[in-house]
Amino acid sequence: MKKFTFTASLFMLVAGMSFGQGKSPEKRPDHSYDNNGKKPVEIPANGKPKEDRTPKPEEATIGGGNISTVDQKGNLNKATVNQTGTANIAYVEQSGNVNTATQVQVDLSNFNSAYISQTGTLNKANQTQEFSVHHSNATIQQQGYLSKAEQLQMMVSVSAENDATIIQMGTLNKAAQTQTGIEAINTASITQHSDGLAGVGANKATQTQALVFEGKNAGLIEQTGAYNEAIQQQEFISGVNAAEIQQIGILNVASQRQSDIAGTNQALILQDGWRNSGIQTQMRVDGINLASISQEGITNQGTQSQFDGADLRSTLNQRGIGNESIQTQTGNRHISTVTQTGNYNRALVIQSN
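The sequence shown: position 233 = 331 (our numbering), numbered continuously.
Written out as structure tokens, the structure reads:
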């Protein structure tokens with residue numbers, strides 16, 4: 099089965115790029131890592147290389163910020179950090195098994211970063227950033243098995259640029275992220291790569307961007323391995339919004355939902371191989387709505403629904419055996435393109451005003 103990568107650059111769709119009338123999306127370069135694969139140098143949710151925002155303790159001295167650095171080795175360690183104020187940096191690194199790290203940053207104004215790195219099994223990481231005015235960055239990296247990562251950026255506002263990134267290497271891991279705010283440019287990215295144990299096990303990723311007004315929001319979930327799952331939601335948002343899921347492997351399931359959104363909305367699911375299923379729903383959306391599912395493999399299914407939109411488009415490309423497609427649209431200026439290549443494929447398209 100052919101492995102693919104693609105470039106989201108979904109914000110480019112606002113400038114006139116569409117999902118391509120039966121064409122596959124453009125390709126995106128793979129992630130780039132240094133430090134033996136532990137340190138990301140790219141956050142790909144908007145398709146652009148991003149500077150490394152791993153917190154540096156000396157940066158917090160600017161503006162009288164707080165610095166917290168925790169380094170724990172062994173098993174059953176716990177680290178809890180609470181910071182209130184301006185220009186804060188919190189850094190936790192744990193190696194071993196059954197470790198827990200929790201960090202909270204509240205009432206933030208400038209140079210705020212929260213970073214957790216864990217290596218081992220059955221580790222938990224939780225980070226929260228609240229009431230940020232300017233840029234905030236939250237990053238969790240986990241390498242191992244049966245780990246959990248949760249991040250919340252809440253009420254990050256006033257033209258802030260906020261990044262939330264979770265990277266998990268291993269299997270049977272879970273990741274969840276939520277971003278809310280006003281006039282914010284939010285980027286949320288979850289990357290899960292299975293290694294060891296021949297990729298056996300299901301990683302789960304859930305990402306939500308909600309209650310964002312006059313902002314730009316991009317979400318990306320990228321998974322490789324066996325029977326992975328992904329869920330992504332964008333709700334109650336006014337602005338330029340993009341949602342994207344990549345999956346490569348076996349028994350993958352992806353679901354995306356954009357609801358109660360005004361502005362330019364896009365959703366893209368791309369799956370490769372073995373019993374994949376993609377579900378996309380855009381409802382109560384007003385603006386330029388685009389949805390695309392590209393599937394390649396065996397027993398793939400695709401379902402796209404768009405309701406109450408102005409400029410609705412749906413594009414599905416399927417290649418393989420036993421594929422099935424259902425596309426439903428309600429509103430004005432409907433465009434639906436279904437391309438199927440292979441054996442016993444089925445397609446149903448319903449359009450109404």
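Backbone N, C-alpha and C fix where the C-beta goes; we use that ideal spot for every residue, glycine too.
| query | result |
| --- | --- |
| Taking the alpha-carbon of residue 334 as reference, which of 306, 435 and 351 has the nearest alpha-carbon? | 306 |
| Between the beta-carbon of residue 387 and the beta-carbon of residue 378, is there less than 8 Å? | no |
| Is residue 278 near the ligand HEM, judged by its Cβ being under 7 Å from some heavy atom? | For the structure depicted, the ligand HEM is absent and the ligand set is empty, with no information on it obtainable. |
| Quick one, which of 184, 176, 372 and 165 has its alpha-carbon nearest residue 194's? | 176 |
| Measuring alpha carbon to alpha carbon, tell me which residue in 402, 408 and 420 is nearest residue 414. | 402 |
| Could you check which residue in 222, 431, 186 and 447 has the C-alpha nearest to that of residue 264? | 222 |
| Can you find the residues in the same chain that come closer than 6 Å, C-beta to C-beta, to residue 259, ignoring five residues on each side of it along the sequence? | 233 and 283 |
| Please list, in chain order, all residues of the same chain as residue 226 whose beta carbon is under 6 Å from its beta carbon, the five residues on each side excluded. | 202 and 250 |
| Could you tell me if residue 419 is buried or exposed, where buried requires 16 or more neighbouring beta carbons within 10 angstroms of its beta carbon? | exposed |
| Looking at the strands, I want to know which residues DSSP matches up with residue 180. | 202 |
| So is residue 448 buried or exposed if we call it buried at 16+ other beta carbons inside 10 Å? | exposed |
| List the DSSP bridge partners of residue 189. | 167 and 213 |
| So, for residue 349: in the same chain, excluding its five sequence neighbours on each side, which residues have a beta-carbon less than 6 Å away from its beta-carbon? | 325 and 373 |
| Using a Cβ-Cβ cut-off of 6 Å (strictly less than) and excluding sequence neighbours within five positions of residue 205, which residues of its own chain qualify? | 182 and 229 |
| Rounded to whole angstroms, what's the CA-CA distance from residue 371 to residue 347? Just pull it up for me. | 6 Å |
| Does chain D have any CB closer than 8 Å to the CB of residue 343? | Looking for chain D here will not work: only one protein chain is present. |
| My parser needs the beta strand (DSSP E) runs of 3 or more residues fully inside the segment 224–250; what are they? | 234–243 |
| Rounded to whole angstroms, what is the Cα-Cα separation between residue 436 and residue 323? | 27 Å |
| Which word fits residue 339, buried or exposed, when buried means at least 16 other C-beta atoms lie within 10 angstroms of its C-beta? | buried |
| Given this structure, state the Cα-to-Cα distance separating residue 327 from residue 276, to the nearest angstrom. | 17 Å |
| Please classify residue 167 as buried or exposed, where buried requires at least 16 other C-beta atoms within 10 Å of its C-beta. | exposed |
| Measure the CB-CB distance between residue 269 and residue 315 and report whether it falls below 8 Å. | no |
| Please classify residue 408 as buried or exposed, where buried requires at least 16 other C-beta atoms within 10 Å of its C-beta. | exposed |
| Please return the same chain residues whose Cβ sits closer than 6 Å to the Cβ of residue 362, not counting the five positions on each side in sequence. | 112, 338, 385 and 386 |
| For residue 196, which of helix, strand or coil comes out of DSSP? | coil |
| Taking all protein chains shown into account, do 16 or more other C-beta atoms lie within 10 angstroms of the C-beta of residue 169, making it buried, or fewer, making it exposed? | exposed |
| What are the residues that DSSP puts in a beta bridge with residue 411? | 388 and 433 |
| Within this structure, are the beta carbons of residue 238 and residue 214 separated by less than 8 Å? | yes |
| Just confirm the distance between the C-beta atoms of residue 317 and residue 352, as a whole number of angstroms; I'd bet it's less than 8 Å. | Not a contact, Cβ separation roughly 12 Å. |
| For residue 412 and residue 247, I'd like the C-alpha separation in whole angstroms. | 33 Å |
| Taking the straight line between their C-alpha atoms, what separation do you get for residue 423 and residue 241? | 37 Å |
| In this structure, does DSSP put residue 322 in helix, strand or coil? | strand |
| Express the C-alpha separation of residue 393 and residue 459 in angstroms, rounding to a whole number. | For residue 459 there is no data in the structure shown, the boundaries of the chain being 99 and 451. |
| Any idea if residue 430 is buried or exposed, counting beta-carbon neighbours within 10 angstroms, 16 or more meaning buried? | exposed |
| For residue 425, which residues of its own chain have a beta-carbon under 7 Å away from its beta-carbon, when the five flanking residues on both sides are left out? | 402, 412, 414, 434, 436 and 447 |
| For residue 292, name the three-state secondary structure that DSSP assigns. | coil |
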